[in-house]
Amino acid sequence: MRVVVAMSGGVDSSVAAGLMMETGHEVIGLTMKLRDTTEEERAGRAASCCSPDDVHDARGVCDLLGIPHYTVDYRDAFRRAVMEPFARAYLRGQTPNPCVLCNDHLKFAALLNRARALGAELLVTGHYARTWTDADGHPRLGAAVDARKDQSYFLFGIQRDALRALRFPLGDMDKPAVRAHARRLGLPVADKPDSEDICFVPGGDYARVVESLLAATGESAPGPGPIVDETGEVLGRHAGVHHFTVGQRKGLGVSRGEPLYVLGVDAEQRAVRVGRAADLAAGGLVARDVNWLGDGPPRGPRAVSARIRYRHAGADATVVADEGGAVLRFHDPVRAVTPGQAVVFYDGAEVLGGGWIERALPIDSGPLAGSSSAP
Amino acid sequence: MPYLDHNASALPDREAAAAAARWLLEGVGNPSSVHTAGRRARAALERARRQVATALGATPGEVVFTSGATEALHLAVAGLAAPGAHVLLSAVEHPAVFGACRAAELTVETVPVDGLGRVRVKDVVARCRPETAFVAVMAAQNELGNVYPVSAIAAAIGAVPLIVDAVQLFGRRPLDVERLGASIVVVSGHKVGGPAGIGALWVRPGLCLRPVLRGGPQERGRRGGTENVAGAIGFGVAADRLGARLAAMPRVLALREAAEMGLRCCAPGIVFHGDPQDRLPNTLSFRIPGIPGDVLLAALDLEGFCLSSGAACASGGLEPSPVLLALGLDPGEARGAVRLSLGPETEEADVASFIDVLPALLARIHSAGLTEPG
Chain A
-6 MRVVVAMSGG VDSSVAAGLM METGHEVIGL TMKLRDTTEE ERAGRAASCC SPDDVHDARG
54 VCDLLGIPHY TVDYRDAFRR AVMEPFARAY LRGQTPNPCV LCNDHLKFAA LLNRARALGA
114 ELLVTGHYAR TWTDADGHPR LGAAVDARKD QSYFLFGIQR DALRALRFPL GDMDKPAVRA
174 HARRLGLPVA DKPDSEDICF VPGGDYARVV ESLLAATGES APGPGPIVDE TGEVLGRHAG
234 VHHFTVGQRK GLGVSRGEPL YVLGVDAEQR AVRVGRAADL AAGGLVARDV NWLGDGPPRG
294 PRAVSARIRY RHAGADATVV ADEGGAVLRF HDPVRAVTPG QAVVFYDGAE VLGGGWIERA
354 LPIDSGPLAG SSSAP
Chain B
7 MPYLDHNASA LPDREAAAAA ARWLLEGVGN PSSVHTAGRR ARAALERARR QVATALGATP
67 GEVVFTSGAT EALHLAVAGL AAPGAHVLLS AVEHPAVFGA CRAAELTVET VPVDGLGRVR
127 VKDVVARCRP ETAFVAVMAA QNELGNVYPV SAIAAAIGAV PLIVDAVQLF GRRPLDVERL
187 GASIVVVSGH KVGGPAGIGA LWVRPGLCLR PVLRGGPQER GRRGGTENVA GAIGFGVAAD
247 RLGARLAAMP RVLALREAAE MGLRCCAPGI VFHGDPQDRL PNTLSFRIPG IPGDVLLAAL
307 DLEGFCLSSG AACASGGLEP SPVLLALGLD PGEARGAVRL SLGPETEEAD VASFIDVLPA
367 LLARIHSAGL TEPG
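Chains as they are written, first to last, in this note's numbering: chain A, -6 to 368; chain B, 7 to 380.
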């Protein structure tokens, strides 16, 4: 069968392509070109996944495998659908997750359509995640076998009909096995380092990237404001709320005789709220734009394991679906619930769905069903 | 594998390839050496120069071999103009001309084209100044196939030198540099069945060119570096056989017209680019509304059909073709462009199978619902 492999130029998607070939498929490589090389990348000072040079690597792997390779120009779309929303989220005092946006809008929507336009029946990626079909023929999404590499957190937004056309051949392997396959296949990227950064923030300097993105759209970056404690006392000043994320301890520049953490960001007041570690705990959260996989939206309260950030082990919780959103109550308080990040609901290894964290709920905020009167 | 991309590179002429290969396998020596081997190499090189000169209607001493048309254009541009000089380029010149002008730090003014990509003589004349170092208008446009009135332009601009990129015209229409009236004419080996990596420029006698590649006194001091003898031999043989290519053009034209008719039938709303009156017989550029060019090219490629978007360079890159933008297309329209270019070897079956395969591919692309993501 004809399949498209989304190739980033890294070892994972390259191995995915090789494995699909070995199972007898007609494989086509597609690489999304998402942005142009930055000065720093040209000077070789930074590297990350999906960088422009990776288009070159992906093409090299396809040439070596003897399969067609095409580059898809998504630069405009990436800027519009991923980078600019990323920057604007900081204006709202949130800490965004652009990888999910890229998956939802580009990889598993536009690129999937392009695969279909090329006559492919499946879109294959090098994600560490698993898919299967249940007894009723419904597609299911689950975590990878290797918990340290699992990327299912980033995939909750995939539409159910899209899920049917996706395959993740690395989902039951660990990284050493993938690298071993790469060497066995003779892939030149076998020893290419893993990328952990967000592709357009290769050095990890978020604030500067946010500022330049906003400057490009004519918006102004968040301005300076006060750092306040629980009592409202001003402890100091900050250069802009985009320098802060919930749970952050370093770089506050204020002290109070005990460790202080960012508890939240008030974008309208330009205020960064700080307090004690104990005050970081939340009793639940409100999520918006929830995508339900599995059996669809639960009719009543549903016990889940909720992951509130990538690499979070998951916290036992009860979730109630609520008009496109969801309200979630943790069984035990959870630290640093961060607006803008995704919350993903699991039942064991299976992804039931997920959404975007709108706000944290305090520890004693009443019964679950009544807390749905979110603004 | 129906190869419908002859403007990117022609199919190799077997005799030209064989001659070049023979030199690679058996040839010995550097043409600059005084010993027997060197003399033989020089003889082979000069024979190739005679062949290319004859095909151009020139004498051998006027022909300079280069590594290709890009280098030839750089030599022409940098050889005629000093930094800061005013030069006049048609808006649809090959990127090599624009690149050479940037490299030479010239002051570039462009002559606009109309919606069919036509260059008008009066538009050139109106912008030409006494101090203009040169005018560059190509003989035939690589993406559109448009043929330009270079003789009339040469006559109209008088003493101002005219650089003519004749890469696409060579072998498709008769070319006689004497009658053309240009100062420099550039051609390329692999567009006429010779190997890639060899090109040439004809330089009007008496015209002084400053070399770009300085080194030895090769090419009469106009281009340093040991000559590519095998490439020149292949180019020479291909040039020698140019008559057969030209003779095939009426048949090529009929095939292109068949392609055009077939496209009109199976792709309602199709838009053809370029000048319907004065165009190379082999080139057809089009776009089909709602069909991104890169998707159609990939879909065709997967069925074994080799075509390009605007130009081969534009297929590898991702920017919309500047040529099509110069015609007034918006970037979305320009991204829809597909170029079919035929050659003497193209058979009726190649075109027929292309037209046969197209409707199913178009239907599949339409039903995939490609929209701008985001």
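Backbone N, C-alpha and C define an ideal beta-carbon position, used for all residues, glycine too.
As the structure is a computational prediction, the values presented were derived from the model and not from experiment.
Can residue i and residue j be called in contact, C-beta distance under 7 Å?
| i | j | result |
| --- | --- | --- |
| B:D11 | B:S347 | yes |
| B:V258 | B:P287 | yes |
| A:A122 | A:G164 | yes |
| B:G177 | B:G240 | no |
| B:W208 | B:V191 | yes |
| B:E233 | B:P66 | no |
| A:L286 | A:L57 | no |
| A:I191 | A:A280 | no |
| A:R300 | A:G289 | no |
| A:V378 | A:P219 | Residue 378 of chain A lies beyond the stretch modelled for chain A, which goes from -6 to 368, so this question has no answer here. |
| A:P215 | A:G233 | yes |
| B:V119 | B:V98 | yes |
| B:R124 | B:L94 | no |
| A:V247 | A:G268 | no |
| A:L206 | A:A80 | yes |
| A:L369 | A:A329 | Coverage of chain A is limited to positions -6 through 368, which leaves residue 369 of chain A absent and any answer about it impossible. |
| B:N148 | B:N13 | yes |
| A:A335 | A:V93 | yes |
Go ahead and pull the three-state DSSP assignment for residue i.
| i | result |
| --- | --- |
| A:Y121 | coil |
| A:A367 | With a pLDDT of only 42 at A:A367, under 50, the local geometry of the prediction cannot be trusted, and the value read off the model is given with reservation. DSSP places A:A367 in coil when its eight states are reduced to three. |
| A:R38 | For A:R38, the predicted model reports a pLDDT of 49, less than 50, meaning its position is unreliable and no value from the coordinates is stated. |
| B:I361 | helix |
| B:R274 | According to the sequence shown, residue 274 of chain B is Pro rather than Arg. Coil, per DSSP. |
| A:V194 | coil |
| B:C214 | coil |
| A:S204 | The question names Ser, yet the displayed sequence has Glu at residue 204 of chain A. If DSSP states are grouped into helix, strand and coil, A:E204 belongs with the helices. |
| A:S6 | helix |
| A:P219 | strand |
| A:R176 | helix |
| A:P132 | strand |
| A:A362 | For A:A362, the pLDDT reaches just 49, beneath the cut-off of 50, and the residue's location in the model is therefore unreliable, although a value from the coordinates is still provided. In the structure shown, A:A362 sits in a helix (DSSP, three-state: H, G or I). |
Locate the alpha helix (DSSP H) running through residue i, then write down its first and last residues.
| i | result |
| --- | --- |
| A:N106 | 104 to 110 |
| B:E325 | Note, B:E325: premise wrong, no alpha helix (DSSP H); not H, not E. |
Could you please give the first and the last residue of the uninterrupted beta strand (DSSP E) stretch that includes residue i?
| i | result |
| --- | --- |
| B:P167 | Element bounds for B:P167: n/a, residue is neither H nor E. |
| A:R322 | 318 to 328 |
| A:S213 | No beta strand (DSSP E) holds A:S213; DSSP gives it neither H nor E. |
| A:Y63 | 62 to 66 |
| A:M25 | 19 to 26 |
| B:E115 | 113 to 117 |
| B:G338 | Counting along the chain, B:G338 falls outside any beta strand (DSSP E), though it belongs to the alpha helix (DSSP H) covering 337 to 340. |
Establish whether the CB of residue i and some CB of chain A are separated by less than 7 Å.
| i | result |
| --- | --- |
| B:G310 | no |
| B:L324 | yes |
| B:V156 | no |
| B:I361 | no |
| B:R135 | no |
| B:R370 | yes |
| B:V344 | no |
| B:V218 | no |
| B:V329 | no |
| B:L209 | A quick correction: the sequence has Val, not Leu, at residue 209 of chain B. Closer than 7 Å: no. |
Examine chain B for any beta-carbon lying closer than 7 Å to the beta-carbon of residue i, and answer yes or no.
| i | result |
| --- | --- |
| A:R249 | no |
| A:D282 | no |
| A:D222 | no |
| A:D66 | yes |
Could you list which residues in chain A have their beta carbon closer than 9 Å to that of residue i, in chain order?
| i | result |
| --- | --- |
| B:G375 | N106, R109, A110 |
Give me the chain A residues within the contact set of residue i, using Cβ-Cβ distance strictly less than 7 Å, ordered along the chain.
| i | result |
| --- | --- |
| B:D307 | P61 |
| B:A304 | Y63, L111 |
Kindly list, in the order they appear in chain B, the residues whose Cβ is closer than 8 Å to that of residue i.
| i | result |
| --- | --- |
| A:K420 | There is simply no residue 420 of chain A to check, as chain A begins at -6 and stops at 368 in what is shown. |
Mind pulling the chain B residues with CB within less than 7 Å of residue i?
| i | result |
| --- | --- |
| A:I371 | Since the first residue shown for chain A is -6 and the last is 368, residue 371 of chain A is missing from the structure and cannot be characterised. |
Residue i versus chain B: which residues are under 9 Å apart at the beta carbon?
| i | result |
| --- | --- |
| A:I21 | A304, L308 |
Cβ closer than 8 Å: which chain A residues qualify as neighbours of residue i?
| i | result |
| --- | --- |
| B:V301 | R107, A110, L111 |
Is any beta-carbon of chain C found at less than 7 Å from that of residue i?
| i | result |
| --- | --- |
| A:G233 | No chain C appears in the structure shown, which is made up of the protein chains A and B. |
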